[in-house]
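Notes follow the structure.
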Amino acid sequence: MPFTNIELARQALAPVSRQAAAEGIVLLENIDNTLPLHTGSRVSLFGRCQIDTVRSGTGSGGAVNVPYSVNALEGLNSHPSIEVNQELVSAYQSWLDQHPFDDGGGGWAAEPWFQQEMPLDKETIERASQQSDHALVFIGRTAGEDQDNSDEAGSYRLTDIEYQMLCQVCEQFNSVVVILNVTNIVDMSWMESVTKPESIKAVLYSWAAGMEGGHALADVLSGDLSPSGKLADTIAFELSDYPSHANFGNKDKNLYQEDIYSGYRYFATFKPEAVRYAFGEGLSYTQFKRKLIAHSIEGRGNTRAVHFHIEVTNTGNQYSGKEVVQLYVEAPQGKLGKPARSLAGFGKTRMLSPNESELVRIVVPLEVLASYDDSGVTGHKSCYVLEAGRYDFYLGGSVREATLVDAPFNVDTLQVIEQLSESAAPVESFLRIKPVQSSQDGRFSIEHESVPTRNVDMQARIESRLPESIELTGDKGIKLQHVANGKASLTDFVAQFSPSMLATIVRGEGMCSPKVTPGTAAAFGGVSDALFDLGIPVAAAADSPSGIRMDSGHKATQVPIGTLLGCTWNTELNEHLFYLVGGELQSYQIDTLLGPGINIHRHPLNGRNFEYFSEDPLLTGSMAAAQVSGLKSAGVSGTIKHFAANDQETSRFFVDAVMSERALREVHIKPFEIAVKKGGATTIMTSYNPINGHWGASHYDLNTTLLRGEWGFDGIVMSDWWAKMNHPVTGGEESKTYTSYMVRAQNDLYMVVDNDGAERNAMDDDTLSALEAGQLTLGELQRSAMNICRFILSTPAMQRPLVRYNPIKPFNACDEQPEGSVHTIDGAVALETKNDTNIVLHVTKAGQYQVSMNASYDRNELAQSSCSLHLNGNYSMSLSTNGTEGKPVDVEGLIVELQTGWYELDVSFVKPGLTLHHLNFKQV
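Those letters in the sequence shown? Residues 2 to 925, by the numbering used here.
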């Protein structure tokens, strides 16, 4: 284990998180070299996010309990070269005392996307301008799970008071720096429309940078670090310019008519004039020169690759900096049609001093240049092909700035790079876009073609691949450790499982299972006595991509959001960062992190974009592979998600992502393929939504044909929490109880059932009934059991002592009666509270007591809320519930062993939202 001490793990992680936060800041404007702020610069800070700095998004992707958080004000105040106008700060602090942060009640994903802003008067701004050289204006936004952004004020657009603030400040200051402390890209039309727009000298996206974000921002604004972040998305002038806009947000069906032309691929091909800031764009405090030194083709046959050696020189005379080398390809249009530009490779230099150079090598395998033929128009259906023609490469600081280099790659005749089989094709026809050259200057217009639909007989495909059943042997004394030591085979081990045990092991338990680290998302593996008796430990899974979520209240480091990390374009840094996140996971005895999230930024309004990296599949896949590799180096795993096409939060359980097989392969699952093949990913989470008619958790082609058959994946696949499934052949009705369809598709784990609910089938799923009816085979269940056990063999759980879960926790009474309201435990302990509460319990009869709570939560079933109980200062248990639509429900907790006497009970609402009506202590 790299770390066994939580504090040591955290101390190692914090400075690297700060570095990553700084490297992901993207500077888009810097007129008159306004930044960096020179020593002694006096600055006035406007906007409440100087104090209420957004550090992540909402929902499971951002719910990390942090030991501390450095806001922007603290970061700037702590920097010796920056002088902050404290009089203005005091005005904001006084106003915030009367207008505290709105957490939406504190519940899961309840926080509003924006916070009320302080109104400004002319005198305040005039006085600030007389005391300061620059104004720093902060605009803040969060976003998150279960709700998309909207094209409205307070979401994608500025509120009236934010716009007024910007206008007022620009009127009085000649030097304004706008800092976008946001989770998603936002509308930027205010750059032209504000009063006196020439006052805006610098604009940067600081994103949501985790708990070290304030320090990172100060590092960049002060010039301690030159910005090196580059946009991972295109910022267009209008939302309607994005090719997915016409279909985004539909509640039943989302047609991916843009096909492979997502993001910059669309704009570079059809509409370059619609781009405000291009993919890959970002300024530095210094200048760089890029020069192609040499290129060569190495390897043989389809494994050949084009190697580029590019010299990067810092041509400035003052600042050191890092530079991203971006290489794009223009492929011949051929019969398939291609984007005018596609990212072919990238790299990032080390820190270069003025006049220092570095030789960067970028390797472009032929498979990166290939296109998938889903129609057979090239004569090679279901193949990745290189069509004949000239492949030109462009080198530059962004997709827009990249210029042609003299390194053509010529293909004389069409080459088949990989022969595959039709998989996950749509079952209904629709039209997709395709370029047609319309002018001599290379401009393209849009034509449409029908998308090929499914031809495969799915029933025949599945039946022809059914695994053979293993003869049941009963208990032969083989333990999982025997398999680990090579003394028994995994086949012989699983042969001991009864059908009931097989049905149990495909069910994970949670949230907040007491069988694993408190407050985590799930427990799986040896969740029953029968499974544990075979030596299967209980493994733990925890949210989220930006740090460890523990609804028990335990603290963890919150690292920057995925979008910021994508903007670093630094795979080595991402790998190291997540190696250290892995150390923190190890110290908390957590086996897999439920991340990174690697869906594509298809549209700027997707509420969950912050968890994901980019609009580009190569950049996304490379970052994912790096993070997964880092976690693996630390001995844990990263669960890449959501497989596939989780591209909007609106109707996320139901909206069908209808796309061509080519778009699916080249864009939407390409990052997963890279993470599996290059990063060695061993855990994958499927999506809530259907893809071409089949829900993700029961999608046979995704989970078996592609993932395991073509990519060679041998890990586990888990559902998203409380997912639904439908028939892997006929589609149709979906349900949480159709786990037989899930197992048939080879989604191994259903996440999650109630704690202690796996063995008793708390959700009443159809696994065993389908087995008895012949609709599911024993071999299929055994295959999933082997996948799960194979994965557990590689986890830290196998290295920890195998200790049987004991649901009974003993506590000693206080020596004397504590102060506080006294309650006996003879009946229900009435609380009726949504806030942290401290009471005194009086126990008159020693014994073991089953604890339960009666609570209600006025949210839907996906919302999550939890509270933790501490007895005499010692953690006892976490009680969690999903949304109950306001109806009271009983939630069973653990059994505590109490002596006679007094106990101080602290109720802490770690994830607020629920109303705790009463606690019950029933003697057992």
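Each residue gets a CB set at the ideal place from its N, CA and C atoms; glycine is no exception.
With DSSP as the reference, please indicate the residues paired to M223 in a beta bridge.
Checking the displayed sequence, the identity of residue 223 turns out to be Ser instead of Met. In DSSP, S223 forms no bridge with anything.
Classify P333 as helix, strand or coil using the three-state DSSP reduction.
Correct three-state label for P333: coil.
Go to P561, then tell me how far its alpha helix (DSSP H) extends in each direction, as first and last residue.
First-last for P561: undefined, no H or E at that position.
Per DSSP, what kind of secondary structure is T505 in: helix, strand or coil?
Helix.
If we ignore side chains and look at the alpha-carbon of each, how far apart do E8 and R550 end up?
Cα to Cα, the separation comes out at about 17 Å.
Take the Cβ of V221 as the centre, count every other Cβ of all protein chains shown within 10 Å, and call the residue buried at 16 or more, exposed below.
Classification of V221: buried, given that the 10 Å Cβ count is 16 or more.
Start and end of the alpha helix (DSSP H) containing S630?
P618 to S634 is the extent of the alpha helix (DSSP H) around S630.
Based on DSSP bridge pairs, tell me the residues matched to C384.
Paired residues: D374 and Q420.
Hey, how far is the Cα of S156 from the Cα of V187?
Distance between the alpha carbons of S156 and V187: 8 Å.
Taking the C-alpha atoms as reference points, what is the distance between P3 and R801?
Any reading at P3 is ruled out, since the residue's pLDDT is 46, under 50, leaving its predicted position unreliable.
In terms of alpha-carbon separation, which member of F922, M764 and A645 lies closest to H669?
When only C-alpha atoms are compared, the closest one is A645.
Could you say which of E312, L218 and A771 lies nearest to V744 if we only look at CA atoms?
Comparing Cα positions, the closest option is A771.
For a test of the three-state rule: what should DSSP assign to D393, helix, strand or coil?
Strand, per DSSP.
Counting only the same chain and skipping the five closest in sequence on each side, list residues whose C-beta sits under 6 Å from that of A831.
Same-chain partners within the cutoff: H919.
Taking its Cβ as the centre, do 16 or more other Cβ atoms sit within 10 Å of A144, making it buried, or is it exposed?
Burial call: buried.
Quick check on DSSP: helix, strand or coil for T768?
Helix, per DSSP.
Which word fits S547, buried or exposed, when buried means at least 16 other C-beta atoms lie within 10 angstroms of its C-beta?
By the 10 Å Cβ count, S547 comes out buried.
Three-state secondary structure (DSSP) at Y267?
Note: Y267 maps to helix in three-state DSSP.
Excluding the 5 residues flanking D617 on each side, which residues of the same chain have their C-beta closer than 6 Å to its C-beta?
Result list for D617: L344, in chain order.
Does the Cβ of S499 have 16 or more other Cβ atoms within 10 Å, making it buried, or fewer, making it exposed?
By the 10 Å Cβ count, S499 comes out exposed.
From S639 to P468, what distance separates their C-alpha atoms?
Here the sequence assigns Gly to residue 639, which means Ser is not the residue at that position. Taking the straight line from one Cα to the other gives about 28 Å.
Could you give the uninterrupted runs of the alpha helix (DSSP H) lying entirely in the segment 92-124, keeping only those of 4 residues or more?
Counting whole runs of 4 or more residues, the segment 92-124 contains no alpha helix (DSSP H) stretch at all.
Take E118 and list the residues in its own chain whose beta-carbon comes closer than 8 Å to its own, dropping the five residues that flank it on each side.
So the qualifying residues of the chain are G48, R49, T160, I162, E163 and M166.
Would you grab the beta carbon distance between E24 and G230 for me? Rounded to a whole angstrom, and I think it's under 8 Å.
That belief holds up - the Cβ atoms of E24 and G230 are roughly 6 Å apart, short of 8 Å.
Should N861 go down as buried or exposed, given a rule of 16 or more other Cβ atoms within 10 Å for buried?
Under this definition N861 is an exposed residue.
Is the segment 347-357 touching the segment 594-609, taking contact as three or more C-beta pairs under 8 Å?
Short answer: they don't touch.
Which stretch, first to last residue, makes up the beta strand (DSSP E) that contains T834?
Segment V830 to T834, the beta strand (DSSP E) holding T834.
Could you please give the first and the last residue of the uninterrupted alpha helix (DSSP H) stretch that includes Y164?
Unbroken alpha helix (DSSP H) run through Y164: D161 to Q173.
Between which two residues does the alpha helix (DSSP H) harbouring Y580 extend?
Y580 -> alpha helix (DSSP H) spans T572 to S588.
Taking DSSP's pairing of strands, which residues face C815 in a bridge?
According to DSSP, C815 bridges with W903.
Based on the DSSP output, what are the partners of N315 in its beta bridges?
Note: N315 sits in a beta bridge opposite F289.
Return the chain-ordered ranges of every beta strand (DSSP E) run that is complete within the segment 460-493 and spans a minimum of 3 residues.
DSSP runs (the beta strand (DSSP E)) wholly in the segment 460-493: none.
Give me, in chain order, the residues of the same chain whose beta-carbon lies closer than 8 Å to that of V925; leave out the 5 immediate sequence neighbours on both sides.
So the qualifying residues of the chain are G848, Q849, Y850, Q851 and I896.
Under the three-state reduction of DSSP, which class applies to H669: helix, strand or coil?
It is helical.
Assuming I793 and P538 make a contact with CB atoms under 8 Å, what is their CB distance in whole Å?
With a Cβ gap of about 7 Å, I793 and P538 count as contacting.
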